[in-house]
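A.B. asks:
There are 2 protein chains.
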Amino acid sequence: METRAKERTWTVGELADELGVTTRTLRFYEAEGLITPQRAGGNRVYGPRDRARMRLILRGRRFGMTVAECREIVDMYDGAESSELRQLTTLLARLDEIADGLRRRQADIRRTLSEVTDVAEQCRGRLAELRG
Amino acid sequence: METRAKERTWTVGELADELGVTTRTLRFYEAEGLITPQRAGGNRVYGPRDRARMRLILRGRRFGMTVAECREIVDMYDGAESSELRQLTTLLARLDEIADGLRRRQADIRRTLSEVTDVAEQCRGRLAELRG
DNA sequence: TCGAACCTTGACGTTAACGTCAACGTCAGG
DNA sequence: CCTGACGTTGACGTTAACGTCAAGGTTCGA
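Keeping their order, the protein sequence lines are chains D and C. The first sequence maps to residues 3 to 134 in the numbering used here. The second sequence maps to residues 3 to 134 in the numbering used here.
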């Protein structure tokens, strides 16, 4: 099985544009250990895997995850194939914690959203009344 | 209708404890215009209304809203009783924008959660396998 | 009366997550 | 050959959201 199918690659600038971030962000995340692009004579070369990780990270950032939290999660995606029973156990415990945290945030967002739409409804009511 | 039913009040320290934040946070939010407690001879006196606003704000903070965004929203809760048609219209438009943003975050969180639970499931699978 | 436990304002420190700038290398086009 | 567009590292700047003092005022129980 040939694992070296010629995958598409990106330069920093290209990937930054595609993701809607700056090159500084990509270099920053690399320094923080969230991504590890290949190098072609000094220059960074990003593959689909790096791109996928970046999208996960950016998605997390949008709802308040810190860069450190993002790193922890993407690292876990890799560690899940581990074969050591002890590792898998602690990993699983942590994953459940994280899932709980996400569910809490989900509840928080849901409440806020329902309040905001309520206020919007009041607005529509007042407007209909005023125009009546 | 007596609007001055003696409502419960809090000092900074009390409210901070109850909300799980520091007094610095309360003073900071006040300086930023998110809450405006009464004063009793220099000392701040928080009422149920302040407490309620704080809970909304803190809930928003938990899923990544900035303090500025929180202020915008709590301000809208007040402005919704406005009687000026023009104001209500722009307010409503903004509310809809905000709701859209919240729904996007909701989708982001939902996807992340489902991925995390997927990985957890893989872990459980590997564990069951290892333990035979 | 005195210290402990509150409160006040003001000012400076800290951390995360980048932005910005300098100084340099490389490579294609005119 | 030279400019312009891209890349590199390193270092310092910036903003948000507080933390952490310092210096002082009040109040309350021993």
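Cβ coordinates follow ideal geometry from the N, Cα and C atoms, glycine included. Values in this document were obtained by computation on a predicted structure and should not be read as measured data.
Work out the CA separation of residue 62 of chain D and residue 26 of chain D for me, nearest whole Å.
C.D. replies: Whole-angstrom Cα-Cα distance: 18 angstroms.
A.B. asks: On the three-state DSSP scale, how would you describe residue 109 of chain D?
C.D. replies: Reduced to three states, the DSSP call for residue 109 of chain D is helix.
A.B. asks: Which residue comes first and which comes last in the alpha helix (DSSP H) that contains residue 18 of chain D?
C.D. replies: Here the alpha helix (DSSP H) through residue 18 of chain D covers 14-21.
A.B. asks: Does any CB atom of chain C fall closer than 9 angstroms to the CB of residue 69 of chain D?
C.D. replies: No, residue 69 of chain D does not count as interfacial toward chain C.
A.B. asks: Quick one: list the residues of chain C neighbouring residue 46 of chain D, beta-carbon separation under 9 angstroms, in chain order.
C.D. replies: Result: empty, since nearest Cβ-Cβ is about 26 angstroms, beyond 9 angstroms.
A.B. asks: Can you pull the chain C neighbours of residue 31 of chain D, defined as C-beta to C-beta under 9 angstroms?
C.D. replies: The premise fails here: residue 31 of chain D is roughly 17 angstroms from chain C at the closest Cβ pair, so nothing lies under 9 angstroms.
A.B. asks: Quick test of your reading: residue 93 of chain D and residue 125 of chain C, contact by CB under 8 angstroms. State the CB separation rounded to the nearest angstrom.
C.D. replies: Contact flag correct, Cβ pair sits at about 6 angstroms.
A.B. asks: Does the distance from the C-beta atom of residue 13 of chain C to that of residue 40 of chain C stay below 9 angstroms?
C.D. replies: Taking 9 angstroms as the Cβ cut-off, residue 13 of chain C and residue 40 of chain C do not qualify as a contacting pair.
A.B. asks: Does the pairing of the region 48-64 of chain C with the region 93-102 of chain C give three or more beta-carbon distances under 8 angstroms?
C.D. replies: With the cut-off at 8 angstroms, the region 48-64 of chain C and the region 93-102 of chain C do not touch.
A.B. asks: Per DSSP, what kind of secondary structure is residue 82 of chain C in: helix, strand or coil?
C.D. replies: Correct three-state label for residue 82 of chain C: coil.
A.B. asks: Does DSSP put residue 207 of chain C in a helix, a strand or coil?
C.D. replies: Coverage of chain C is limited to positions 3 through 134, which leaves residue 207 of chain C absent and any answer about it impossible.
A.B. asks: Below 8 angstroms on the Cβ atoms is my guess for residue 118 of chain C versus residue 36 of chain D; work out the distance and round it to an integer in Å.
C.D. replies: Incorrect: roughly 16 angstroms between the Cβ atoms, too far for contact.
A.B. asks: If you draw a straight line from the C-alpha of residue 74 of chain D to the C-alpha of residue 55 of chain D, how long is it?
C.D. replies: When rounded, the distance between both Cα atoms is 12 angstroms.
A.B. asks: According to the neighbour-count rule (16 or more other Cβ atoms, all chains shown, within 10 Å of its Cβ), is residue 77 of chain D buried or exposed?
C.D. replies: Exposed, since its Cβ has fewer than 16 Cβ neighbours within 10 Å.
A.B. asks: Kindly say whether residue 27 of chain C, judged by its beta-carbon, lies nearer than 9 angstroms to any beta-carbon of chain D.
C.D. replies: Chain D, which has no Cβ nearer than 9 angstroms to the Cβ of residue 27 of chain C, makes this no.
A.B. asks: Taking residue 65 of chain D and residue 19 of chain C to be in contact with their CB atoms under 8 angstroms, please state how far apart those CB atoms are, rounded to whole angstroms.
C.D. replies: So it is not a contact: roughly 28 angstroms between Cβ atoms.
A.B. asks: List the endpoints of the continuous alpha helix (DSSP H) containing residue 59 of chain C.
C.D. replies: Element bounds for residue 59 of chain C: 50-64.
A.B. asks: When the cut-off is 9 angstroms and only beta carbons count, does residue 124 of chain C lie next to chain D?
C.D. replies: With 9 angstroms as the cut-off, residue 124 of chain C counts as an interface residue toward chain D.
A.B. asks: Between residue 17 of chain D and the rest of its own chain, which residues show a CB-CB distance below 8 angstroms, the 5 nearest in sequence each way excluded?
C.D. replies: Only 28, 48, 52, 53, 56 meet the Cβ criterion.
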